[in-house]
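J.: One structure, pasted below without further comment.
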Ligand SMILES: Cc1cc2nc3c(=O)[nH]c(=O)nc-3n(C[C@H](O)[C@H](O)[C@H](O)COP(=O)(O)O)c2cc1C
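Residue numbers (the numbering used here): 42 to 456.
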């Protein structure tokens with residue numbers, strides 16, 4: 042076998058069988074989920090980002106996803122986050138070339154964080170469907186007018202064209218987790234009275250305008266995935282019935298696949314990942330003293346723990362499997378071969394993993410070679426606590442982490 046196809050099926054397992062996703066063929070059913078790497082100082086791709094995704098590709102993944110690229114400056118939520126503009130293209134091309142050399146496909150998540158930005162980063166008051174305050178950042182927000190809406194929609198289309206220039210096989214539109222598209226969909230953040238607010242049809246209008254622009258730019262050579270919520274994860278957020286309707290709209294809008302997730306960063310952040318949030322570590326790494334103190338004081342109240350179980354989204358995801366026909370990517374709590382096979386056996390075409398691959402970029406290769414059947418990740422969520430201020434890293438892999446920080450971690454992870 043060539044290096045390109047050695048992670049394809051050597052038995053009857055569907056996990057290692059190829060899959061045609063729109064115009065792209067993946068060598069197996071695995072995707073490295075978009076998980077913010079924090080490896081873009083100055084908003085540009087770094088050598089660390091290059092090394093990480095090359096390693097994941099060499100580790101057997103079907104497709105790796107570069108996380109959370111802002112489609113314009115106002116969509117940035119971190120200073121060390123990727124901004125998909127012309128300056129980023131050469132560095133990204135270097136990554137896609139290396140990933141392709143390892144036989145994997147390469148995708149980039151494109152999004153706009155809306156009310157999760159800061160004036161200092163966005164260069165203006167953060168954009169949002171409605172004016173108000175986002176306590177999570179904290180910031181005041183600017184209600185987008187029709188010109189703002191058209192301009193952000195266009196930026197999504199331009200981002201797809203830049204993604205093509207940089208050699209990507211796919212883009213993943215971030216329409217979940219309480220970022221801008223999801224802020225329009227959610228009644229919690231959208232209190233508009235015009236044609237973008239009120240009914241579900243109106244709240245979904247911005248998303249569908251983005252989809253039209255993205256599909257136009259993607260043409261027939263770039264796959265379009267959409268990460269969408271199955272629930273926002275709190276009482277006044279979008280419920281599952283509305284999310285099922287959203288999924289049908291995305292299918293009709295021509296998405297090649299949906300990545301099914303949930304949660305809303307400014308209100309129910311741990312619903313995305315489940316498990317405990319190590320608040321003391323999170324606070325420790327925040328440079329601004331006042332903010333760090335504030336997080337230590339109210340962090341446990343702001344960021345509620347959600348118990349972790351393997352495959353925690355499966356029950357909800359099955360309802361989506363029944364409702365739509367397009368390919369579905371299951372993500373959420375996959376750390377063992379058994380659970381991955383159970384998910385694929387339930388009709389999901391692909392699986393995406395984040396934490397298991399932060400722990401070990403070779404995890405897929407090890408599953409393939411029967412070297413491991415379960416990740417060593419114990420969902421301690423250190424990677425989440427640190428990504429806000431530095432590179433997302435695994436506590437087990439980084440020997441330089443001071444004992445003082447290790448002592449701040451809750452014992453035995455989340456499982
Ligand atoms: C460190 C970290 C960063 C993440 N960043 C993103 C992100 O940028 N975009 C996104 O859609 N999801 C993000 N996620 C969520 C993951 O993509 C995934 O949905 C979630 O972690 C569940 O998958 P897992 O159980 O395999 O980790 C992040 C998760 C982690 C752990």
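No residue lacks a Cβ here, since even glycine has one placed at the ideal position from N, Cα and C.
Using 10 angstroms around the beta-carbon of residue 273, count the other beta-carbons present and answer buried if the total reaches 16, otherwise exposed.
T.: Within the chain shown, residue 273 is the residue found at index 232, counting from 1. Per the 10 Å Cβ criterion, buried.
J.: I need the boundaries of the beta strand (DSSP E) containing residue 458, first residue and last residue.
T.: With the chain covering 42 to 456 only, the question about residue 458 has no answer from this structure.
J.: Do the region 253 to 269 and the region 321 to 339 meet, that is, are 3 or more Cβ pairs less than 8 Å apart?
T.: Output reads no: the region 321 to 339 does not touch the region 253 to 269.
J.: My understanding is that residue 367 touches residue 387, with C-beta atoms under 8 Å, so please give their C-beta distance in whole angstroms.
T.: On the chain shown, position 326 is the one that residue 367 refers to. On the chain shown, position 346 is the one that residue 387 refers to. Actually they are not in contact, since the Cβ atoms of residue 367 and residue 387 sit about 16 Å apart, beyond 8 Å.
J.: Can you tell me whether DSSP reads residue 60 as helix, strand or coil?
T.: For the purposes of this step, residue 60 is identified with residue 19 of the chain shown, where counting begins at 1. Correct three-state label for residue 60: strand.
J.: Could you name each continuous beta strand (DSSP E) segment of 3 residues or more that falls completely within the region 183 to 237, going from the start of the chain to the end?
T.: Within the region 183 to 237, the complete beta strand (DSSP E) runs of at least 3 residues are 211 to 215.
J.: Helix, strand or coil, according to DSSP, for residue 344 in the structure here?
T.: On the chain shown, position 303 is the one that residue 344 refers to. Three-state DSSP puts residue 344 in coil, outside helix and strand.
J.: Please confirm if the region 437 to 452 is in contact with the region 319 to 334, defined as three or more CB-CB distances below 8 Å between the two stretches.
T.: Enough Cβ pairs lie closer than 8 Å, so yes.
J.: Please report the residue range of the beta strand (DSSP E) in which residue 111 lies.
T.: Sequence index remark: in the chain shown, residue 111 carries index 70 (1-based). Looking at the DSSP string, the run of the beta strand (DSSP E) that includes residue 111 is 104 to 111.
J.: Measure the alpha-carbon distance for residue 59 versus residue 299 and round it to whole angstroms.
T.: The sequence position of residue 59 within the chain shown is 18, counting from 1. The sequence position of residue 299 within the chain shown is 258, counting from 1. Cα to Cα, the separation comes out at about 18 Å.
J.: Rounded to the nearest angstrom, what separates residue 427 and residue 215 at their Cα positions?
T.: Taking the first residue of the chain shown as 1, we reach residue 427 at position 386. Taking the first residue of the chain shown as 1, we reach residue 215 at position 174. Going by the C-alpha atoms only, they are around 22 Å apart.
J.: Spatial neighbours of residue 100 within its chain, please: C-beta separation below 6 Å, excluding the five flanking residues on both sides.
T.: Position 59 of the chain shown, counted from the start, is the residue given in the question as residue 100. Counting only Cβ-Cβ distances below 6 Å, and skipping sequence neighbours, we find 402, 403, 405, 406.
J.: Between residue 165 and the rest of its own chain, which residues show a CB-CB distance below 8 Å, the 5 nearest in sequence each way excluded?
T.: Reading the chain shown from its first residue, position 124 is the one you call residue 165. Result list for residue 165: 115, 183, in chain order.
J.: Buried or exposed for residue 167, please, with buried defined as at least 16 other CB atoms from any protein chain shown within 10 angstroms of its CB.
T.: Start at 1 with the first residue of the chain shown, and residue 167 comes out as number 126. That one is buried.
J.: Is there at least one non-hydrogen atom of ligand 1 closer than 8 Å to the beta-carbon of residue 89?
T.: Counted from its first residue, the chain shown places residue 89 at position 48. No, ligand 1 has no heavy atom inside 8 Å of this Cβ.
J.: Can residue 375 be considered in contact with ligand 3, in the sense that its beta carbon sits closer than 8 Å to one or more heavy atoms?
T.: You won't find ligand 3 in this model; what it holds is ligand 1.
J.: Which residue's Cα is closest to the Cα of residue 344: 176, 390, 399?
T.: Position 303 of the chain shown, counted from the first residue, corresponds to residue 344. With distances taken between Cα atoms, residue 344 lies closest to 176.
J.: Which value, in whole angstroms, describes the spacing of the CA atoms of residue 230 and residue 438?
T.: Walking along the chain shown from the start, residue 230 turns up at place 189. Walking along the chain shown from the start, residue 438 turns up at place 397. Their backbone Cα atoms lie some 38 Å apart in a straight line.
J.: List the DSSP bridge partners of residue 66.
T.: Locating residue 66 in the chain shown gives position 25, where the first residue counts as 1. Residue 66 is bridged to 61.
J.: Given that a residue counts as buried once 16 or more other Cβ atoms are within 10 Å of its Cβ, and exposed if not, what is residue 174?
T.: Here residue 174 refers to the residue found at position 133 when the chain shown is read from its first residue. Burial call: exposed.
J.: Less than 8 Å between the CB of residue 214 and some heavy atom of ligand 1, yes or no?
T.: For the purposes of this step, residue 214 is taken as the residue at position 173 of the chain shown. Answer for residue 214: no, Cβ out of range of ligand 1.
J.: Tell me the residue span of the alpha helix (DSSP H) that contains residue 313.
T.: Working through the chain shown from its first residue, we reach residue 313 at position 272. Segment 311 to 314, the alpha helix (DSSP H) holding residue 313.
J.: Where do the N-terminal and C-terminal ends of the beta strand (DSSP E) with residue 147 fall, by residue?
T.: Against the chain shown, residue 147 aligns to sequence position 106. Looking at the DSSP string, the run of the beta strand (DSSP E) that includes residue 147 is 146 to 152.
J.: Got a sec: does ligand 1 put a non-hydrogen atom nearer than 8 Å to the Cβ of residue 302?
T.: Position 261 of the chain shown holds residue 302. Answer for residue 302: yes, Cβ within range of ligand 1.
J.: Checking 9 Å against the spacing of the C-beta atoms, do residue 150 and residue 107 come in under that value?
T.: Within the chain shown, residue 150 is the residue found at index 109, counting from 1. Within the chain shown, residue 107 is the residue found at index 66, counting from 1. Yes, they are a contact pair.
J.: Report the partner residues of residue 523 according to the DSSP bridge assignment.
T.: Because the chain spans 42 through 456 in this model, residue 523 falls outside it and cannot be assessed.
J.: Evaluate contact between the region 301 to 310 and the region 374 to 386, counting only Cβ atoms and requiring at least three cross-stretch pairs below 8 Å.
T.: Short answer: they don't touch.
J.: Any chance the region 120 to 134 sits against the region 69 to 89, with 3 or more Cβ pairs inside 8 Å?
T.: These segments touch.
J.: Leaving aside the five residues before and after residue 113 along the sequence, list all residues of the same chain whose C-beta is less than 6 Å from its C-beta, in chain order.
T.: Position 72 of the chain shown holds residue 113. 196, listed in sequence order.
J.: Using only the alpha-carbon positions, how far apart do residue 408 and residue 56 sit?
T.: The residue given as residue 408 occupies position 367 in the chain shown. The residue given as residue 56 occupies position 15 in the chain shown. Those two C-alpha atoms are separated by around 10 Å.
J.: If you measure from the CB of residue 326, is any heavy atom of ligand 1 nearer than 8 Å?
T.: Numbered from its first residue, the chain shown carries residue 326 at position 285. No, the beta carbon of residue 326 sits no closer than 8 Å to any heavy atom of ligand 1.
J.: Whole angstroms are fine: how far does the CA of residue 104 sit from the CA of residue 71?
T.: Start at 1 with the first residue of the chain shown, and residue 71 comes out as number 30. Start at 1 with the first residue of the chain shown, and residue 104 comes out as number 63. Roughly 7 Å between the two C-alpha positions.
J.: Pick out whichever of 91, 227, 221 has its Cα sitting closest to the Cα of residue 139.
T.: As a working mapping, residue 139 is identified with position 98 in the chain shown. The candidate whose alpha carbon is nearest that of residue 139 is 91.
J.: Which one of 247, 326, 372, 74 has the shortest CA to CA distance from residue 153?
T.: As a working note, residue 153 is residue 112 in the chain shown. Checking every option, the nearest Cα to that of residue 153 belongs to 247.
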